[in-house]
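In the numbering used here, the protein residues as written are 860 to 1116.
Set out below in structure tokens:
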């Protein structure tokens, strides 16, 4: 049986144990990963996209293929280049449990030493999947909306002036398009959340920190084995609810940090 621990209780405990600095563990690495991912993804995507004029003349199928291609490639480049920072931030956060001082921004080389380069590669694919698939689905749905609906919806009553409709049509259509895209991406991200849990577990496994060692983390050969193991022990929805953290017996679970 497990007990439920809420995020505000965890925050109070961390603050009482380490002060305010405990709440920003891994912040520099995390922000670096997030910012670099956005910048690299946007830059590569911009370079790969066809010009807007030719895109307008493409069929819906060709537009979707173009979006899938550019998103898959740009996300792949961004994930590969930012993965070390993402892993570093997770390991820095996990050091709270055992009070290790192994990983820091100034000691990036430790990522290759413990447990090695293959550990980084092992967590790369599931991270790529859970970051890329929601974006792919979202962008395809947005293209379908633009192709079939955006030009056929009248956002104002029939007695509105043509100038009013013309000046506001693009704004309204664009707003709805982004809302639909956001909703689709959120739904798919929630479905793929277990992969994010697997990435967290893989990133700290055998890294020299307490949450990554036995009995808190079993020795598994790859991320697929880890996914199956965590599924058997009902650990794939950890931290899915922002207001609830569920801790189970230590021999059956990974520590939630």
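Even glycine gets a Cβ: it sits at the ideal position worked out from N, Cα and C.
Under the three-state reduction of DSSP, residue 1087 is assigned to helix. Note that the C-beta distance between residue 1088 and residue 1070 is not below 9 Å. In this chain, the alpha helix (DSSP H) harbouring residue 900 covers 886-907. Comparing alpha carbon positions, the residue from 1041, 1066, 889 closest to residue 960 is 1066. 885 is the residue among 885, 1090, 1041, 1092 whose C-alpha sits nearest the C-alpha of residue 943. Annotation for residue 1005: 1036 place their beta carbon closer than 7 Å to its own, counting only its chain and skipping 5 residues before and after. In this structure, the beta-carbon distance from residue 949 to residue 1059 falls below 9 Å. Between residue 953 and residue 900, the CB-CB gap reaches or exceeds 9 Å. Residue 1092 carries a coil assignment under DSSP once its states are collapsed to helix, strand and coil. Leaving aside the five residues that flank residue 999 on each side, the residues in its chain whose CB is nearer than 8 Å to its CB run, in chain order, 923, 926, 927. When only Cα atoms are considered, residue 1052 and residue 896 end up about 19 Å apart. One alpha carbon belongs to residue 1095, the other to residue 1072, and they sit about 19 Å apart. For residue 1052, the uninterrupted alpha helix (DSSP H) run begins and ends at 1052-1063, by DSSP. Taking a 10 Å sphere around the C-beta of residue 871, we find fewer than 16 other C-beta atoms and assign the residue as exposed. When rounded, the separation of the alpha-carbon atoms in residue 985 and residue 1055 is 7 Å. Inter-residue distance for residue 946 and residue 1062 is about 6 Å (C-alpha atoms, whole angstroms).
Nearest neighbour of residue 931 by Cα position, chosen from 1082, 1091, 993, 1041, turns out to be 993. When the alpha-carbon of residue 937 is set against those of 891, 1050, 951, 920, the nearest one is in 891. The Cβ atoms of residue 1057 and residue 1091 do not sit closer than 9 Å to each other. Residue 1041 and residue 981 have their C-alpha atoms roughly 29 Å apart. By the neighbour-count criterion, in which a residue is buried when 16 or more other Cβ atoms sit within 10 angstroms of its Cβ, residue 951 is buried.
Its chain contains 1071, 1076 as the residues whose beta carbon lies nearer than 6 Å to that of residue 1064, once the 5 sequence neighbours on both sides are disregarded; these appear in chain order.
Residue 905 counts as exposed, since fewer than 16 other C-beta atoms from the protein chains shown sit within 10 angstroms of its C-beta.
Listed in chain order, the non-local C-beta contacts of residue 941 below 6 Å within the same chain comprise 892, 895, 896, local neighbours out to five positions each way being set aside. Contact check for residue 1047 against residue 983 fails: the beta carbons are separated by 9 Å or more.
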